[in-house]
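270 is the number of the first residue of the sequence shown in this note's numbering; add one for each residue after it. Even for Gly, the Cβ is constructed at its ideal location relative to N, Cα and C. Below is one structure, written out as structure tokens; comments come after it.
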Amino acid sequence: MKQTAFKVLLIVSVIAFFVSCKKEYSIDTGAGLGGTAKGTLLDSSGNCQNITVYGTYQMDSVLTDSNYIKLSINFTSAGKYKIYSDTTNGFWFLDSSYVVTTGTQIVKVRAHGKPSLPTSTSFTIYFDSSFCNFVVYFLPPITNTDYFPTTIGSNWTYSENGSTTNTLQYTAKNYFLYDQYTNNTYQLFLSDQQDSALYRKDGLGNYFSYAYLDDSTSYPVDYKFLEDNVAVNSTWSSDEVPSLKVGVSTVKFNFTIVGKDISVTLGGNAYTSVIKVQEDMVYKLTSGQSITFISDYAYYAKGIGWVGTEYPSISNTFFLKSYTVY
């Protein structure tokens, strides 16, 4: 036990400390940790800054620490702050903390509640006197166990590098094309920009596309882009196709399974039971030398399909924003 005289001395010292410091921290002005932070969600041009959504959102699923948004705030004074959204579709975003310095900072705001409907949901987030809007894209429960579903009417919307305007949606159509050269039947996938793609699968874990390998190849080929029944490090290749590119003789793809049954996060959405495929486009030059022109990593999630592709050499990414699989 400490002596009584020491306790008294300690109490007096603490009181003296707070008396001497009371002018440095003012609740009224917002200065210091005891005040209220001020700032804005807007940039110097008056526009809302980027808001990124993280986590998977499903109907009747209680939201956890993995469900949150990140946004930028330009703090003009230090102190305590509170950021909150409206409540929509059974859930909302709310967080509070404090800042000790001014300037632009990245802030994490957690989601709360439980989504009540399987639909993309719009929110307004508020801080100080500013507010901005963002959308949470709803991911429905997995009912299909295929790594590349082709059920009619299923659709997938993709974004390039997180863009909200540069998007592309593909829909699986009730249209099948028989090709006499490959002796195979393909299903049509049509985009909202009227681009088309042809796919088939053999029911044994092999998935094929009928397409040009790149914009220089002489004709389209049937090639396997995914195997879901082989081990990590398994490899295969497409056919070699003549190229019209100057100095290039042929083009082919080499494929390698580099990850299986893994978890990944792309575009802020978390996926499990994912197969990661390395895709190497190989040019055979007219000199006889073979070079890898470009490599990428494609991701396929069970029950969802293609969820994104990363192009490390050019710092580019396509990823799934929303989908509906029937």
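With a contact defined as Cβ atoms closer than 8 Å, Tyr-468 and Phe-458 qualify at about 6 Å.
With contact defined as three or more Cβ pairs closer than 8 Å, the region 375-392 and the region 414-428 are not in contact. Taking a cut-off of 8 Å on C-beta distances, the region 546-555 touches the region 506-523, as three or more cross pairs fall below it. DSSP, reduced to helix, strand and coil, places Ile-583 within a helical segment of the structure shown. Within a 10 Å sphere around the beta-carbon of Asn-336 sit 16 or more other beta-carbons, which makes this residue buried.
In the DSSP assignment, Asp-565 falls within the unbroken beta strand (DSSP E) covering 559-570. Here Asp-491 carries a strand assignment [DSSP, helix/strand/coil]. CA-to-CA, the gap between Asn-523 and Gln-558 works out to about 16 Å. Beyond the five residues adjoining it in sequence on each side, Ala-480 comes within less than 6 Å, by CB distance, of Pro-489 in the same chain, given in chain order.
Per the C-alpha coordinates, the member of Phe-494, Tyr-568, Ser-465 and Leu-495 positioned closest to Gln-438 is Ser-465. Ser-399 and Tyr-353 have their C-alpha atoms spaced approximately 11 Å apart. Here Glu-509 carries a coil assignment [DSSP, helix/strand/coil]. In the DSSP annotation of this structure, Gln-463 is not part of any beta strand (DSSP E), being labelled neither H nor E. Here the C-alpha atom of Val-501 lies approximately 6 Å from the C-alpha atom of Gly-528.
Counting along the chain, the unbroken beta strand (DSSP E) around Thr-440 starts and ends at 436-448.
If the five residues before and after Gly-359 are omitted, its C-beta is found closer than 7 Å to the C-beta atoms of Gly-382, Lys-383, Pro-384 and Ser-385, all from its own chain and listed in chain order.
The criterion of a C-beta distance shorter than 9 Å is not satisfied by Gly-304 and Ser-366. The beta carbons of Thr-373 and Asn-343 sit closer together than 9 Å. Residue pairing of Gln-547 in beta bridges, as defined by DSSP: Thr-525 and Tyr-566.
Counting along the chain, the unbroken beta strand (DSSP E) around Ser-341 starts and ends at 337-346. When beta bridges are read from the DSSP output, Tyr-540 appears opposite Val-533. If you draw a straight line from the Cα of Phe-407 to the Cα of Thr-356, it comes to about 15 Å. Within the same chain, and ignoring the five residues on either side of Ser-542 in sequence, the residues whose Cβ sits closer than 7 Å to its Cβ are Asp-530, Ala-570 and Lys-571. Here DSSP, grouped into helix, strand and coil, assigns Tyr-455 to strand. Straight across, the Cα-Cα distance linking Asp-471 with Asp-461 is about 27 Å. Ranked by Cα distance from Ser-487, the options Thr-504, Val-546 and Pro-511 are led by Pro-511.
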